[in-house]
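Student: Note that the working numbering numbers the sequence shown so that position 93 is 93, with each residue one more than the last.
Ideal Cβ positions, reconstructed from N, Cα and C, are used throughout, including at glycine.
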Amino acid sequence: MFETYFLMKTNDVIEYAKQKIDFFENDADLECIEIGDGNLNYIFKVLDRKSGKSIVIKQSSETARISDQFKVSPDRNRIEYEILKIENDLAPGLVPKIYGYDPVMNCFVMEDLSDHVIMRKGLLERNIYPDFAEDISTFMVNTLLLTTDAVMDHKQKKMLVKNFINPDCCEITENLVYTEPFNDIFNRNDPFLPNLDFIRKELYEDEMLRLETAKMKFDFFQNAQCLIHGDLHTGSIFVKEHSTKIIDPEFAYFGPAGYDVGNVIANLVFAWANADTVIEDTDERTRMTNYLESMMQQSLDLFIKKWKALWESSVTETVAKYTGFKEWYLDGILRDTAGVTGLELCRRTVGIAHVKDLTSIEDPVKRIRAERVCLSMAKRCIFERERIRTGEDYLELLDWAARRHPRS
Ligand code: ADP
Ligand code: MG
1 MFETYFLMKT NDVIEYAKQK IDFFENDADL ECIEIGDGNL NYIFKVLDRK
51 SGKSIVIKQS SETARISDQF KVSPDRNRIE YEILKIENDL APGLVPKIYG
101 YDPVMNCFVM EDLSDHVIMR KGLLERNIYP DFAEDISTFM VNTLLLTTDA
151 VMDHKQKKML VKNFINPDCC EITENLVYTE PFNDIFNRND PFLPNLDFIR
201 KELYEDEMLR LETAKMKFDF FQNAQCLIHG DLHTGSIFVK EHSTKIIDPE
251 FAYFGPAGYD VGNVIANLVF AWANADTVIE DTDERTRMTN YLESMMQQSL
301 DLFIKKWKAL WESSVTETVA KYTGFKEWYL DGILRDTAGV TGLELCRRTV
351 GIAHVKDLTS IEDPVKRIRA ERVCLSMAKR CIFERERIRT GEDYLELLDW
401 AARRHPRS
């Protein structure tokens, strides 16, 4: 068994754990449940009832779990495993521990993080995580800066670029993030129908906006800057009060650093739009929106501060040390960050892969309002990406968008 690939069921996974994984005792009393809630893969938790020890196994198939329309190479499982190993080295403590990979079954074994919650869910339950900005900024600076040509040996970096070429996942991003939200000819878009006129006018029919998205798409195609996570939204982040663990890097490839940073900011905006629109009690609303604003601001400002410091201590490339280069380089990342913040806000609102922050809003009037706050902010992030540089800049845009679409 397990000599050729098949998609496992829970009883297969128990057998697999016994035969293939050196983690449990021989007399272990194993049970297995499937706990996946993502779009693409199958996630199994295996628990030994005797010792209480547990692990998680992530298995990929050749199509996405949400839809057979998406053919995605199971090689993404290898990519995810190898990236998690690299991230464990670059940002220790901020990713799950990894116990093994099986290229036949397209699965890998990792630390069970069931004591954490997915951040998007935790935020919707109105919990706050005080260390988030500190942790996510460290994760981003370490994984992004240390894999650039400013720091890495150039031949070694090229080997990694080759190893982590990720055409299927990149194709999904290219279509879902950069193209479809700005074109209503694609039937995969899934706009909230009561908001369709607004979406049509603001996205599908705005030629200037579409031009900017085209420019950004070519950045995504062409800029092999550093090893990005590629899907760094609050659904890929596990949190508990003083712990942050980044999971699910299967979209990783060498791309623009700002892609990750922009995803983090945009997904905090979704949480904010939900909180500001839905929470009735003024004190409670203010507590939550203040927290989210401070996370938005600090995630970016700490990113900038730590980036500069780590640059000083880690850069090896001679020309990168010329006066003014560091500032020029970081400026490009911050421009991409603003653009991607806008793209992510658009694509999660109108595209096929939604976020609960918006879809869980039951009152249509409120959902329209939350979506419009996101889309109006998004457009300014895209158009003004040459200017937007600090956490404060984002808070000003958010405040502007919220005033433009007042709470009912
Ligand atoms: P997908 O690639 O399909 O999006 P994810 O890696 O995002 O899958 O995982 C889907 C879900 O499975 C997560 O939202 C989380 O609830 C659960 N999960 C994933 N990894 C772990 C883990 N190491 N420990 C506990 N639960 C996990
Ligand atoms: Mg995923």
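Taking the C-alpha atoms as reference points, what is the distance between F192 and I57?
Tutor: 35 Å
Student: Just to confirm my understanding: we take V151, look at its own chain, exclude 5 residues before and 5 after, and list those with CB closer than 7 Å. What are they?
Tutor: L145, S314, V315, T316
Student: Consult DSSP for L47 and reduce its assignment to one of helix, strand or coil.
Tutor: strand
Student: Classify F238 as helix, strand or coil using the three-state DSSP reduction.
Tutor: strand
Student: Distance, Cα to Cα, K245 vs G93?
Tutor: C-alpha of K245 to C-alpha of G93: approximately 7 Å in a straight line.
Student: Along the beta strand (DSSP E) that carries F254, what are the first and last residues, could you check?
Tutor: 253-255
Student: Going by the CB atoms, is the gap between G351 and A378 shorter than 8 Å?
Tutor: no
Student: Give the range of the alpha helix (DSSP H) segment to which I279 is assigned.
Tutor: No alpha helix (DSSP H) holds I279; DSSP gives it neither H nor E.
Student: So the candidates are I43, I55, P406, V269; which of them puts its Cα closest to the Cα of L123?
Tutor: V269
Student: How would you write the range of the beta strand (DSSP E) that L227 sits in, first residue to last?
Tutor: Where L227 is concerned, the enclosing beta strand (DSSP E) stretches over 226-228.
Student: Can you list, in chain order, the residues of its chain with a C-beta nearer than 8 Å to that of S54? Leave out the 5 residues immediately preceding and following it.
Tutor: K45, V46, L47, D48, D112, S114
Student: DSSP three-state label for K53, please.
Tutor: coil
Student: Tell me, which residues are paired with C169 by DSSP?
Tutor: Per DSSP, none; premise fails for C169.
Student: Are there any heavy atoms of the ligand ADP lying less than 7 Å away from the beta-carbon of P74, as far as the coordinates show?
Tutor: no
Student: Which two residues bound the contiguous beta strand (DSSP E) that contains D30?
Tutor: At residue 30 the sequence reads Leu, which differs from the Asp that was named. First-last of the beta strand (DSSP E) with L30: 30-34.
Student: Name, in chain order, the residues that DSSP records as bridge partners for D102.
Tutor: C107
Student: Could you check the C-alpha separation between L398 and R404 for me, to the nearest Å?
Tutor: 10 Å
Student: State yes or no: is the C-beta of E250 nearer than 7 Å to some heavy atom of the ligand ADP?
Tutor: yes
Student: Should the segment 369-385 be called in touch with the segment 298-308, which here means at least 3 C-beta pairs below 8 Å?
Tutor: no
Student: Just checking E87 against the ligand ADP - is the residue's beta carbon closer than 7 Å to any of the ligand's heavy atoms?
Tutor: no
Student: Using a Cβ-Cβ cut-off of 6 Å (strictly less than) and excluding sequence neighbours within five positions of D168, which residues of its own chain qualify?
Tutor: Around D168, the same chain offers V72, S73 as residues with beta carbons nearer than 6 Å, after the five sequence neighbours per side are excluded.
Student: For the alpha helix (DSSP H) that contains C382, what are its first and last residues?
Tutor: Going by the sequence as given, residue 382 is Ile instead of Cys. Per DSSP, I382 belongs to the alpha helix (DSSP H) from 364-383.
Student: So, helix, strand or coil for S314, using DSSP?
Tutor: In the structure shown, S314 sits in a helix (DSSP, three-state: H, G or I).
Student: Beta strand (DSSP E) containing S243: first to last residue?
Tutor: For S243, the enclosing beta strand (DSSP E) has its first and last residue at 243-246.
Student: In the structure shown, what three-state DSSP assignment does I118 receive?
Tutor: strand
Student: Do the segment 93-106 and the segment 252-269 touch if we need at least three Cβ pairs shorter than 8 Å?
Tutor: no
Student: Does the beta carbon of M119 fall short of 7 Å from some heavy atom of the ligand SAH?
Tutor: Annotation note on the ligand SAH: not contained in the displayed structure, which lists the ligand ADP and the ligand MG as its ligands.
Student: Check whether the Cβ of G93 sits closer than 7 Å to any heavy atom of the ligand ADP, and report yes or no.
Tutor: no
Student: Name the two residues that bound the continuous alpha helix (DSSP H) containing M1.
Tutor: First-last for M1: undefined, no H or E at that position.
Student: To the nearest angstrom, report how far apart A401 and V355 are at their CA atoms.
Tutor: 19 Å
Student: Got a sec? Which residues, its chain only, sit under 7 Å from H116 by beta carbon, not counting five neighbours each side?
Tutor: F238, V239, K240, S243, K245
Student: Tell me K58's beta-bridge partners as DSSP assigns them.
Tutor: I43, F108
Student: So what does T63 bridge to, in DSSP terms?
Tutor: K71
Student: Counting along the chain, where does the alpha helix (DSSP H) carrying E327 start and finish?
Tutor: Taken as a continuous stretch (DSSP letters only), the alpha helix (DSSP H) holding E327 covers 325-350.
Student: Could you tell me whether the segment 210-222 touches the segment 162-179, using the rule of 3 or more Cβ pairs below 8 Å?
Tutor: yes
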